[in-house]
Structure formats: C-alpha cells, structure tokens
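Counting from 27, one number per residue, gives the positions in the sequence shown under our numbering.
Where is the CB? At the ideal position from N, CA and C, for every residue including glycine.
Worksheet: the structure to be examined is printed underneath.
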Amino acid sequence: MSRKTELSEEDRELIEAAKEAADRLHIDDFHEVAAALRTTDKRIFTGIHIEANVGFADVCGEVAAFCTAVSSGHRNFEAIVAVWGDGKGSYKLLSPCGRCREIISDFNRNMWVIVGSLKQPYKMRISDLLPLKTE
Ligand SMILES: [Zn+2]
C-alpha cells in the first residue's frame with residue numbers, strides 16, 4: 027500500500043509560497059531554505075532557515091515558519107513544505123530533518139508533509155515519516 031498522496035491545488039500553492047519566500051529572503055550561505063505552512067483555516071505562513079556558524083544551532087525553515095504562525099496566534103496546521111533556493115531561480119524540494127519531523131508531529135500527528143521532488147511532488151502524513159513515536 028502506497029502512502030504517497032497526490033497534491034491538491036492548495037498544496038501546489040504552498041510550494042509556490044515557499045519558493046517565493048526562498049527568493050525574497052535569500053542570502054547565500056545564510057538564508058537558503060524556506061518553508062511554507064498552511065493552517066486548517068487555510069492561511070499560509072512562511073519561514074526562512076537561519077544558518078549558524080555552529081552547525082547544530084541552525085534554525086530550519088520549518089521551525090521559522092512555525093514560530094511566525096504561532097506568534098500570530100495560530101496553532102492548527104495541516105500541511106508544510108520546505109524548498110531550497112539559490113536565489114537565481116533554481117529550487118529543490120527538501121524533506122524535513124529529524125528534529126523538524128518531531129516538531130511537526132507535536133503540532134499535528136496527521137499533518138501532511140510535501141516531499142519527493144519538484145518534478146514529482148507528493149505528500150505523506152507525518153505519522154508515516156516518523157513512525158512509532160511515543161505519544
Ligand atoms: Zn529541520
């Protein structure tokens with residue numbers, strides 16, 4: 027059984043929002059990955075990753091998007107995507123790191139995560155990307 031699900035039109039819009047943020051906020055080696063997060067009431071929040079000189083201190087784009095949304099009073103989320111951009115029109119779809127999978131799952135165990143490639147994107151439930159999590 028495949029757990030890969032086709033994207034909806036609003037999922038494709040979420041990818042475009044991440045690409046737009048990646049372009050708008052891009053700084054080489056500092057802000058290269060943007061994430062876009064959709065609430066259950068269909069609002070979109072974006073975040074940009076912050077590269078730190080100490081590797082483990084990086085702030086992922088997904089975390090930045092959550093911080094923006096939560097700071098604006100939103101806590102109910104249904105989908106997220108992260109995109110790397112070079113600031114010149116090239117992009118890559120990224121799947122979330124382990125820490126982000128934990129954070130996504132903490133907000134909503136059924137949240138959609140858009141993964142795959144930009145050519146062939148699909149979405150999966152975070153519970154499938156982080157199985158056997160202790161509740
Ligand atoms: Zn991450």
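Short note on R125: C-beta closer than 6 Å to some heavy atom of ligand 1.
Residue burial annotation: L158 is exposed, with fewer than 16 other C-beta atoms found within 10 angstroms of its C-beta. Under the 10 Å beta carbon count, G124 is surrounded by fewer than 16 other beta carbons and is classified as exposed.
When rounded, the separation of the alpha-carbon atoms in C93 and S153 is 21 Å. Judged by beta-carbon spacing, V109 lies within the 7 Å limit of A48, meaning their Cβ atoms are closer than that value. With a cut-off of 6 Å, the C-beta of C93 is classified as distant from ligand 1, since no heavy atom of the ligand falls inside that distance. When only Cα atoms are considered, T65 and A105 end up about 7 Å apart.
Relative to R101, the option among R38, M137, G115 whose CA is nearest is M137. Per DSSP, reduced to three states, the secondary structure at A105 is strand.
Proximity to G81 across E46, L63, A61, D55 peaks at D55, based on C-alpha coordinates.
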